[in-house]
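>
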Amino acid sequence: MKIARSLIGATLLLGAMAGAQAATLDVVQKRGELRCGTTTGFAGFSAPDAQGVWRGLDVDLCRAVAAAVFGDANKIKIVPLNSQQRFTALQSGEIDVLTRNTTVTQQRDTALGIIHAGINFYDGQGFLVPKSLGVQSATELNGATICLQTGTSNENTLADWARAHNVSYKPVVIETFNEVVNAFASGRCDVFSTDASGLASIRISKLQNPDDYLVLPEIISKEPLGPFVRQGDDAWLNVVHWSLSAMIEAEEYGITSANVDQQLQSANPNIRRMLGVTPGAGANMGLDEKWAYNIIKQVGNYGESFERNVGAGSPLKIKRGLNAQWTQGGLMYALPIR
Ligand SMILES: N[C@@H](CCC(=O)N[C@@H](CS)C(=O)NCC(=O)O)C(=O)O
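So, in structure tokens, the structure goes:
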């Protein structure tokens, strides 16, 4: 009886703790600042610029959530995390949201107490090699030394692919990003394997002569990258998910940071709902009705963010590809705000 009672007590306590940790929106609003976990510095996605201001596609998502919650995209604190540290930082409450090139997998969504809140970049794992290696295809990598970062999905994906293709290789697995990049640049390994976006970023921003390197044509996996929040906090999951959705849907409707004020006059009911002219969507999430207007005005739509950070307007020059709108043959399909 005693045991049963203490078990019930423990369950209630756990429940109360979960409840206490659950209201991230309240915590963030009271604190007056949103804490986002990013990389330690990975150009195009999350890295400080020459002035020390964090920029990138993932930083824009963090800014978008702050714009939705506070009406001010600058009320953020960036918490740089390496691949290994990221999930613990989210689980422990050190960050409110993980906005960091993180692949959504079944294991991560179910076994770590966290859950994804959308996809902001469809990617796949690839290989970067120095041209001097004389290799044109990943199938020629037999016997190669391959650099990888600890705590990434890239380790297992590569092992599975190599087994299936009878390629034997020597993994060199290193914990921090700069060290793994340096190991590759100094020739300690023949190949760098990670998400293709990461390879494009490393080639342009970390290697002295980008033209001496080549990304091989094989993409060996699906790496859908997206933000994560803690499980059990559906209201917060909604805020993050719909902030990203608003950026994507704004692009679909042609609403940009430059024209959002004119769009307030639009007769399109979808646009009127999104921008809060017709109220409801904001109140449903405990946010101001201008939540999406503030995102678009201060951060821009998904296409604007893509182009300036990783696309044509950036050194990375990544093509929209899978990240184009569904209306343009891509996979970006925002769920409707209505
Ligand atoms: N998408 C993969 C890989 C993501 C990842 O962590 N990639 C490394 C190599 S590009 C990275 O971003 N490192 C930056 C850092 O640790 O600061 C995953 O979720 O495991």
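What the sequence shown shows, in mature numbering (1 follows the signal peptide of the UniProt record, and there is no 0), is residues -22 to -1, 1 to 316, in sequence order.
By construction, the Cβ of each residue, glycine as well, lies at the ideal position given by its N, Cα and C atoms.
Given the structure is predicted, the values throughout are model-derived calculations rather than measurements.
#1: So, at 6 Å on beta carbons, what are the nonlocal neighbours of I154 in its own chain, with the 5 sequence-adjacent residues on each side left out?
#2: In this structure, how does DSSP classify E133 when only helix, strand and coil are distinguished?
#3: From what residue to what residue does the beta strand (DSSP E) around H94 run?
#4: Which same chain residues, not among the five before or five after A213, have their C-beta less than 6 Å away from its C-beta?
#5: With a cut-off of 8 Å, do at least 3 Cβ pairs link the segment 179 to 194 to the segment 107 to 119?
#6: Suppose the cutoff is 8 Å on Cβ atoms and the five residues either side in sequence are ignored; what does the same chain contact list for A67 look like?
#7: Could you give the distance in angstroms between the alpha-carbon of K275 and the alpha-carbon of L119?
#8: Would you mind reading off the limits of the beta strand (DSSP E) that contains T123?
#9: Using CA atoms only, rank isn't needed, just tell me which of A25, Q306 and K55 is closest to N287.
#10: Give every residue of the same chain whose Cβ lies closer than 7 Å to the Cβ of residue 317, excluding the five residues on either side of it in the sequence, and list them in chain order.
#11: For A174, which of Q85, C167 and I182 has the nearest alpha-carbon?
#12: Identify, in the order they occur along the chain, each residue of the same chain with its Cβ nearer than 6 Å to the Cβ of F20, setting aside the five sequence neighbours on each side.
#13: Taking contact to mean at least 3 C-beta pairs separated by less than 8 Å, is the segment 149 to 164 in contact with the segment 122 to 134?
#14: If D101 sits next to L222, beta carbons under 8 Å apart, how far is it from one beta carbon to the other, in whole angstroms?
#15: Please name the residue, chosen from A224, I233, V238 and G291, that lies closest to G260 on a Cα-to-Cα basis.
#16: Count the other C-beta atoms from every protein chain shown that fall within 10 angstroms of the C-beta of Q84, then say buried if there are 16 or more, exposed otherwise.
#17: Hey, quick one: how far does the beta strand (DSSP E) through D189 stretch, first residue to last?
#18: Which runs of the alpha helix (DSSP H) fall wholly inside the segment 32 to 63 and span at least 4 residues, in chain order?
#19: In chain order, what residues of the same chain lie with their CB nearer than 6 Å to the CB of L300, ignoring the 5 residues before and after it?
#20: Using the three-state DSSP reduction, which class does K148 fall into: helix, strand or coil?
#21: Going by DSSP, which residues form a beta bridge with G104?
#22: For E201, write down the residues that DSSP places opposite it in a beta bridge.
#23: Among F65, L294, A122 and N246, which has the Cα closest to the Cα of E230?
#24: From the DSSP output, in three-state form, read off P293 for me.
#25: Could you check the C-alpha separation between M165 and L294 for me, to the nearest Å?
According to the data block:
#1: Reading off the sequence, residue 154 comes out as Thr, not Ile. Cβ within range, chain order: N60.
#2: It is helical.
#3: I92 to H94
#4: L3
#5: yes
#6: G15, V57, L59, I73 and L76.
#7: 47 Å
#8: A122 to Q127
#9: A25
#10: Residue 317 is absent from the structure shown; the chain starts at -22 and stops at 316.
#11: I182
#12: Within the same chain, and ignoring the five residues on either side of F20 in sequence, the residues whose Cβ sits closer than 6 Å to its Cβ are S179.
#13: yes
#14: Actually they are not in contact, since the Cβ atoms of D101 and L222 sit about 16 Å apart, beyond 8 Å.
#15: A224
#16: exposed
#17: Note, D189: premise wrong, no beta strand (DSSP E); not H, not E.
#18: 35 to 48
#19: For L300, where only same-chain residues beyond five positions count, the Cβ hits under 6 Å are Y100, G308 and L309.
#20: strand
#21: T172, per the DSSP bridge assignment.
#22: D101
#23: N246
#24: coil
#25: For clarity, residue 165 is Gly in the given sequence; the question names Met instead. Near 23 Å, if we compare the C-alpha coordinates of L294 and G165.
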